[in-house]
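Asker: Chains A and B, in that order, are what the protein sequence lines are. If you read the first sequence in the working numbering, its first letter stands for residue 5, the second for the next number, and so on. If you read the second sequence in the working numbering, its first letter stands for residue 24, the second for the next number, and so on. Think of the CB as a built atom: it goes at the ideal place given N, C-alpha and C, for glycine as much as any other residue. Quick one: the structure is below, questions incoming.
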Amino acid sequence: MPDMQQDSIGFAGPDSLGHFGPYGGTFVGETLIAAVEELSRVYEEVSKDPEFWAEYDHDLKYYVGRPSPLYLAERLTAEAGGAKIYLKREDLNHTGAHKVNNTIGQALLAKRMGKTRIIAETGAGQHGVASATVAARLGLECFVYMGAEDIQRQAPNVYRMKLLGATVVSVDSGSRTLKDAMNEALRDWATNVDSTYYIIGTVAGPHPYPQIVRDFQCIIGRETREQSLAQLGQLPDALVACVGGGSNAIGMFHPFLNDSSVAMYGVEAGGDGVETGRHAAPLSAGVPGVLHGNRTYLMTDSGGQIMETHSVSAGLDYPGVGPEHAWLKDLKRVNYVNATDTEAMKAFHQLTRLEGIIPALESAHAVAYAMRLAATMAPEQSVVINLSGRGDKDIQTVAKLEGLTL
Amino acid sequence: MSRISEVSAVAAQQGRKLLIPYLVAGDPDLPTTLKLLHKLVADGADMIELGVPFSDPSSDGPVIQRGVERAIAGGTNLAKVLDLVAEFRLQNDSTPIVLMGYLNPVEIMGYEAFASRASDAGVDGVLIVDMPPSESSVLTPLLKGKHIDTIFLVAPTTTESRCAQIVANCSGYLYYVSLKGVTGAALLDTESVRLSIEKLRTMTDLPIVIGFGIKDAASARAMGALSEGVIIGSALVERIEKLPSDDTASAQQLAQVTEVIKTAREALDTL
Ligand SMILES: Cc1ncc(COP(=O)(O)O)c(C=O)c1O
């Protein structure tokens, strides 16, 4: 069941219109309103239905392979020289990332709503693969929108989606990345609203998506909480997760929001460095605005155009961020920081060589910051990194950066 | 009375259908847009919907997306669109201008600054595609205070209770979206449009105009027969796409573009 514990304390949200403080909401064209209202209605029903959650838990256990381990990375800890570093191993999930926690849940919703066709947007391709996977399993038609640029840099995932029976639609408009794929998916949804369920891959989009995706990802934080108590005998001192749209981070953070002893760090993509303007760090360097159905921090120019982002990792290359993160930033409950491309690449190699775990480039941003953080902490303290995905999809990108072709 | 209400009232009196072209400001460049505005009025436009280019036009089809991309490539933004309206007003004080676009540029300019700058420029109405009535409680009163109408869309999927909420917030005219989907798509189903408009009539006295998918004299006539008027967007932007940029279009080329409006005018005038 979704995490309700903080209702009494003040991190409850969203309200009935989908607002997290001044953020969130339902900023979509009239042609989509009926669809998001239907989804809200169904989700409200379903979220109170123990049978639905039993089915979700069953699928996570027997299909995804949960719970994922909480692993003490001893050699990484030694390298950082400070607090103990634990990895929450979302990379071990079926399909290789946390994304599947959400697609399993939303596919169950689609089934309840009698939809026969699934659409999704994807950046790194992880969410596209996770959507194509659940569509294959349920026998639903699946279309995945992907920026032409991302199709280039995530070729293995494009092929995986095709193997799974999905149609990958190349998006050539705008910056040809994740945000444009999302525009195209919204257009498809508006056109085919009767038959189609849109699985948004992160905690962005119009209400109720930020809430739905969060609820499905909270399994990460709930497990981490139990595992910490069992393995460490206490809660961790700090949590670190990368933030693209923010789904793996909110899933890790949310069940701990009321534990004031637990510090939280959301790591955005610093790209070439936030000071260069070539980055994907709206919480670090953006301003509030409206994009893709919600009000949140955005990278936008003075005329209100959304700016192009830059990150070595396709999954973090998004100019907005989930509205709940915008709110948690303003409330100062979570610290939003960033790691550059160079730092992420270094951490990618460190984790690979020290622990035998090849992380996704997205997750490598969290590893980079966590190592910096751990070094400032005492050895009896502990940091949990949400290792959101594995790096198999990224080896071509990494090879290319090192001047190799595979 | 606002300029929009005045023009609609006169049209109603004369039994004239409203013809409202949509074009993207700055497509292919701002001086050409200014010329097109005057030419559209000369060819029979009663009001104009002026698109404010936004980088992520998620309710628009490919034709308008490309128009928006051309405008952005030329550096057009909300502030420049307001300057364009002010310039248009130097020669035309009677044709209502409705800004149509997305919310983010307005959020970044600031609601109060936008309302007063739009009013100074001579804007008559604002239609923000991704701002439903439930999210409009701050901006709409600010615009109203400056005598600017806030226009909302009604879609085929809009429920009856929502229609009531929309008409309660809407002023100027009500924009009926004649199909499911994005701008420029698909065919119109006349009978279902007729039924929807009939239902809306019982809820509001606002003029109802139909848009999305009207592309020629025949479709203008068919939809005009059911409503107070029509909006023609993608069909116009498609023609603008053929114009040269850098303010080099000839009078003849401009006339070829607005031909679609001229023939729609003639068709509407037979009703
Ligand atoms: C492995 C991995 N981590 C993180 C992300 C970023 O998304 P989010 O911030 O929603 O977790 C992605 C997105 O594709 C991803 O594939």
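Looking at the unbroken alpha helix (DSSP H) that takes in aspartate 143(B), where does it start and where does it end?
Answerer: Working through the second sequence from its first residue, we reach residue 143(B) at position 120. Residues 134-144.
Asker: Quick one: grab the DSSP three-state call for isoleucine 204(A).
Answerer: As a working note, residue 204(A) is residue 200 in the first sequence. It is coil, neither helix nor strand.
Asker: Touching or not, the segment 308-321 of chain A and the segment 271-283 of chain A, by the rule of three or more beta carbon pairs under 8 Å?
Answerer: Yes, since at least three Cβ pairs between the segment 308-321 of chain A and the segment 271-283 of chain A fall closer than 8 Å, the two stretches touch.
Asker: Looking at C-alpha atoms only, which residue of Thr56(B), Arg89(B), Ile27(B) is the closest neighbour of glutamate 261(B)?
Answerer: Taking the first residue of the second sequence as position 1, residue 261(B) is located at position 238. For glutamate 261(B), the nearest C-alpha among the options comes from Arg89(B).
Asker: Could you pull the DSSP bridge partners for phenylalanine 31(A) from this structure?
Answerer: Counting from 1 along the first sequence, the entry for residue 31(A) is found at position 27. Answer by DSSP bridge pairing, in chain order: Gly297(A).
Asker: Quick check: is any heavy atom of ligand 1 less than 6 Å from the C-beta of asparagine 127(B)?
Answerer: Residue 127(B) sits at position 104 when you count from the first residue of the second sequence. The answer is no for asparagine 127(B).
Asker: Rounded to whole angstroms, what is the Cα-Cα separation between tyrosine 196(B) and isoleucine 27(B)?
Answerer: Walking along the second sequence from the start, residue 196(B) turns up at place 173. Walking along the second sequence from the start, residue 27(B) turns up at place 4. Looking at the two C-alpha atoms, the distance is approximately 8 Å.
Asker: In chain B, which residues lie with their C-beta within 7 Å of the C-beta of glycine 293(A)?
Answerer: Taking the first sequence and counting its residues from 1, one reaches residue 293(A) at position 289. Here the neighbours are Asn127, Glu130, Ile131.
Asker: For asparagine 100(B), go through chain A and note every residue whose CB falls closer than 9 Å to its CB, in chain order.
Answerer: Counting from 1 along the second sequence, the entry for residue 100(B) is found at position 77. What asparagine 100(B) touches in chain A: Asp305, Ser306, Gly307, Gly308, Gln309.
Asker: Name the residues in the segment 133-162 of chain B whose C-beta lies less than 8 Å from a C-beta of chain A; which are they?
Answerer: Hits within the stretch, in order: Val152, Asp153, Met154, Pro155, Ser157, Glu158.
Asker: Going by Cα to Cα distance, which pick from Val197(A), Val40(A), Ala253(A), Ala139(A) is closest to arginine 218(A)?
Answerer: Here residue 218(A) corresponds to residue number 214 of the first sequence, with the count starting at 1. Among Val197(A), Val40(A), Ala253(A), Ala139(A), the Cα nearest to that of arginine 218(A) belongs to Ala253(A).
Asker: Can you check which of these residues, Ala378(A), Gln400(A), Gly395(A), is closest to glycine 85(A) by C-alpha distance?
Answerer: Counting from one through the first sequence, the residue named residue 85(A) turns up at place 81. For glycine 85(A), the nearest C-alpha among the options comes from Ala378(A).
Asker: Please return the same chain residues whose Cβ sits closer than 7 Å to the Cβ of histidine 98(A), not counting the five positions on each side in sequence.
Answerer: As a first step, residue 98(A) must be located in the first sequence, where it is residue number 94. The residues are Tyr67, Val68, Gly69, Val104.
Asker: Go ahead and pull the three-state DSSP assignment for asparagine 115(B).
Answerer: Taking the second sequence and counting its residues from 1, one reaches residue 115(B) at position 92. Asparagine 115(B) falls in the coil class under three-state DSSP.
Asker: Is the Cβ of glutamine 88(B) closer than 7 Å to any Cβ of chain A?
Answerer: Numbered from its first residue, the second sequence carries residue 88(B) at position 65. So yes, glutamine 88(B) belongs to the interface.
Asker: Identify the residues that DSSP records as bridge partners of proline 44(B): which are they?
Answerer: Taking the second sequence and counting its residues from 1, the one referred to as residue 44(B) is at position 21. BP columns for proline 44(B) point to Ile255(B).
Asker: Bridge partners of serine 174(A), per DSSP?
Answerer: By one-based count along the first sequence, residue 174(A) stands at place 170. In the DSSP output, where bridge partners are listed per residue, serine 174(A) has Met150(A).
Asker: Using beta carbons (cut-off 7 Å, strictly below), is threonine 35(A) in contact with chain B?
Answerer: Here residue 35(A) refers to the residue found at position 31 of the first sequence. Output row for threonine 35(A): interface = yes.
Asker: Output, in sequence order along the chain, the residues in the segment 166-190 of chain A whose CB is closer than 7 Å to any CB in chain B.
Answerer: The residues in question are Ser177, Gly178, Lys183, Asn187, Leu190.
Asker: Anyone know if the C-beta pair for glutamine 221(A) and glycine 255(A) falls short of 7 Å?
Answerer: To locate residue 221(A), count along the first sequence from 1; it is residue 217. To locate residue 255(A), count along the first sequence from 1; it is residue 251. Closer than 7 Å, so yes.
Asker: Find the nearest neighbour of proline 164(B) within the set Glu289(B), Phe137(B), Ile233(B), Ala240(B), judged by alpha-carbon distance.
Answerer: Looking up residue 164(B) in the second sequence gives position 141. It is Phe137(B).
Asker: If we count the other Cβ atoms within 10 Å of its Cβ and call it buried at 16 or more, is isoleucine 87(B) buried or exposed?
Answerer: The residue given as residue 87(B) occupies position 64 in the second sequence. Its Cβ being crowded by 16 or more others within 10 Å, isoleucine 87(B) is buried.
Asker: For aspartate 192(A), which residues in the same chain have their Cβ closer than 6 Å to its Cβ, ignoring the five residues on either side in sequence?
Answerer: Numbered from its first residue, the first sequence carries residue 192(A) at position 188. The answer, listed in chain order, is Ile123.
Asker: CB glutamate 92(B) to CB valine 294(A), shorter than 7 Å?
Answerer: By one-based count along the second sequence, residue 92(B) stands at place 69. By one-based count along the first sequence, residue 294(A) stands at place 290. Not a contact, by the Cβ cut-off of 7 Å.
Asker: Heavy atom of ligand 1 less than 6 Å from the Cβ of alanine 289(A), yes or no?
Answerer: For the purposes of this step, residue 289(A) is identified with residue 285 of the first sequence, where counting begins at 1. Alanine 289(A): no, Cβ never under 6 Å from ligand 1.
Asker: Rounding to the nearest angstrom, what Cα-Cα distance links valine 338(A) and leucine 391(A) in this structure?
Answerer: Indexing the first sequence from 1 puts residue 338(A) at position 334. Indexing the first sequence from 1 puts residue 391(A) at position 387. Those two C-alpha atoms are separated by around 18 Å.
Asker: From threonine 182(B) to valine 200(B), what does the alpha carbon distance come to, in whole angstroms?
Answerer: As a first step, residue 182(B) must be located in the second sequence, where it is residue number 159. As a first step, residue 200(B) must be located in the second sequence, where it is residue number 177. For threonine 182(B) and valine 200(B), the distance between alpha carbons rounds to 13 Å.
Asker: Are any of the Cβ atoms in chain B nearer than 7 Å to that of glycine 22(A)?
Answerer: Position 18 of the first sequence holds residue 22(A). So, not an interface residue.
Asker: Counting pairs of Cβ atoms below 8 Å between the segment 39-51 of chain A and the segment 151-163 of chain B, do you hit three or more?
Answerer: Flag = no, the segment 39-51 of chain A and the segment 151-163 of chain B do not touch.
Asker: To the nearest angstrom, how far is the alpha carbon of proline 383(A) from that of isoleucine 361(A)?
Answerer: Position 379 of the first sequence holds residue 383(A). Position 357 of the first sequence holds residue 361(A). The straight-line gap from Cα to Cα measures roughly 23 Å.
Asker: At the level of alpha carbons, what is the spacing between glutamine 9(A) and proline 259(A)?
Answerer: Residue mapping note: residue 9(A) aligns to position 5 of the first sequence, counting from 1. Residue mapping note: residue 259(A) aligns to position 255 of the first sequence, counting from 1. In this prediction, glutamine 9(A) has a pLDDT of 42, which is less than 50 and means its spatial position is unreliable; nothing more can be read from the coordinates.
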